[in-house]
Amino acid sequence: MRVAVVGGGIAGASLAIALGRRGCSVELFEAQTFPRDKPCGEGIMPAGVAALQRLGLPDGGGGVPFRGVRYHHGSRVAVGRFPSAPGEESCGRGQRRLVLDRQVFDIAAATPGVCAHTAAMVAGPEVENGRVAGVQVHGEVRRAPLVVAADGAHSRFRHRLHLNVPVPRSRIGARRHYRLAAGRTAEPWVDIFLGRGHEFYVTPLPAGEVLVALLAEAGAVSQPLEPIFDRWRAAPPRLRQLLEGAEPVSDLLATPLAARARAGYAPGAVLLGDAAGFLDPITGGGIAQALITSERLAAFIDAHRGRNSDTWVPAFERERQALLRDYQLLTRGVTGTSFEPGSTITVSYCPMKDGRPAGGIGWVKLANGTFLNPSDGGGDGSDKAVERWKGWLAAGYTSSTDAQKPK
Ligand SMILES: Cc1cc2nc3c(=O)[nH]c(=O)nc-3n(C[C@H](O)[C@H](O)[C@H](O)COP(=O)(O)OP(=O)(O)OC[C@H]3O[C@@H](n4cnc5c(N)ncnc54)[C@H](O)[C@@H]3O)c2cc1C
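Just so we're aligned, residue -2 is where the sequence shown starts under this note's numbering, counting upward by one.
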């Protein structure tokens, strides 16, 4: 089976590795050259670490371990520790994308059966009789019975196949790396500081560095971004203290969030990773999702060798959706055995009033019985909104639109 893969990020490169190992012949096209950076929170969840180990990175991509996620709101902290098997602590890892993506791409390039190209920007699909028959690259057509588009959240392929669904660009993500002052170290947790209409993520990284990522309502952010990023990150006392004397070691990189696909495939082509849709990095699972779904796609391709992809791709897409439901449509009631005694967390995803495809409504119930909202959730986090949402959740609503429909 010959497969053309567009995009040598985590999804595309890991797929190429898995396919090469299964004896398929793969052409992998990456527009950039490595090392290349990308805006990301750089926290790899435990499922992603395990998938990286299966790919051939025994240390799960290196970096530094973290034990879970802590939400900070004012002086309150809710701790979500990753559930562990007895005697074995399950950890995520904080690793620079500059390092991680190069490692995965290098393994792909060294895998028998994989022909990996960098600086190879795919201009678009080659479509013949309504079917994708290959890709256009460097003015040539490279034919393949199956093309996998793993070209990221702003996928050109998704657009060119008319699979894109416009999403209002209502949230943005921005990140910068800092080297901590001598004597300061980040604790082994991803820390999330909740503000009004924005969150800051802090991920521990190797060499005394941390990644500080901002997720915010686009409307709340004025340009230039840098002064507001600096002002907001100085607000939470704990974050301010951690970054005292720290030196920025990268540029502030920003990107609009959210991308949506009408369908995950077209005749002769499949979308993978963020290209297939990307809601919001609030769950921090994008890398793990890309890795796990590419493992599954490789298994489908292998199991259906010689058959027209139209016969099995819908089944793969159903499985992909089911796999991601656990991450993306976290049902209300995902709770907390993994949380510290007395704290439970419930996170639901729902369509939002303003047209965004989904919003996280996260409810952290603290030991003292109070709630806090770790995401914007279509509400503003005020006590009034929390009370309103508690009633809606109790009544079984997962969307404010449904809850407010005239009966
Ligand atoms: C602000 C922010 C914070 C995030 N935080 C986290 C986090 O903490 N943890 C986590 O797990 N996930 C996080 N994510 C999500 C994560 O970054 C993505 O889910 C993940 O990178 C998806 O991998 P991918 O391979 O699908 O896409 P990408 O990593 O974007 O790779 C796509 C590749 O395709 C290439 N490409 C694009 N167009 C073409 C073309 N025409 N031809 C050839 N190549 C092309 C690009 O150069 C790129 O290398 C975050 C995302 C954002 C925006």
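The C-beta atom is built at its ideal place from N, Cα and C for all residues, glycine as well.
The structure presented is a predicted model; accordingly, all values stated were derived computationally and were not measured.
Given this structure, state the Cα-to-Cα distance separating G4 from I189, to the nearest angstrom. 30 Å
Please give the ranges of any beta strand (DSSP E) in the segment 256 to 292, keeping only runs that are unbroken, at least 3 residues long and fully inside the region. Runs of the beta strand (DSSP E) lying entirely within the segment 256 to 292, each at least 3 residues long, are 256 to 258, 266 to 268 in chain order.
Starting from the Cα of C21, find the closest Cα among E27, Q29, V134, L12 and give me that residue. L12
Proximity below 8 Å, CB of A232 to CB of P36: no
What residue does the alpha helix (DSSP H) around D103 start on, and which one ends it? 94 to 107
Is L254 near ligand 1 - that is, is its Cβ less than 7 Å away from at least one heavy atom of it? Yes, the Cβ of L254 comes within 7 Å of a heavy atom of ligand 1.
CA-CA distance, Y406 and G17? The structure shown does not extend to residue 406, since the chain is modelled only from -2 through 404, so no value can be given for it.
Taking the alpha helix (DSSP H) that L239 belongs to, which residues open and close that run? 234 to 239
Look up S72 in the DSSP assignment and say whether it is helix, strand or coil. coil
Measure how close the beta-carbons of L414 and T252 come, nearest whole angstrom, since I'm counting them as under 8 Å. This structure leaves residue 414 out entirely; the chain is present only between -2 and 404.
Who are the Cβ neighbours of G242 in its own chain at under 7 Å, not counting the five residues just before and after it? A178
For the segment 114 to 165, which segments carrying the alpha helix (DSSP H) assignment without a break, of at least 4 residues, lie completely within its bounds, in sequence order? The segment 114 to 165 contains these whole alpha helix (DSSP H) runs: 153 to 157.
Might you give, ordered along the chain, the residues of its own chain that have their beta carbon closer than 7 Å to the beta carbon of Q100, omitting 5 neighbours on each side? Cβ within range, chain order: L54, G58.
Within 10 angstroms of the Cβ of P163, are there 16 or more other Cβ atoms? Answer buried if so, exposed if not. exposed
C-alpha distance - A204 paired with H151, whole-angstrom precision: 31 Å
For T334, name the three-state secondary structure that DSSP assigns. With a pLDDT of 26 at T334, under the threshold of 50, the predicted position of this residue should be treated as unreliable, though the coordinate-derived value follows. Looking at T334 - three-state DSSP - the assignment turns out to be coil, as it is neither helix nor strand.
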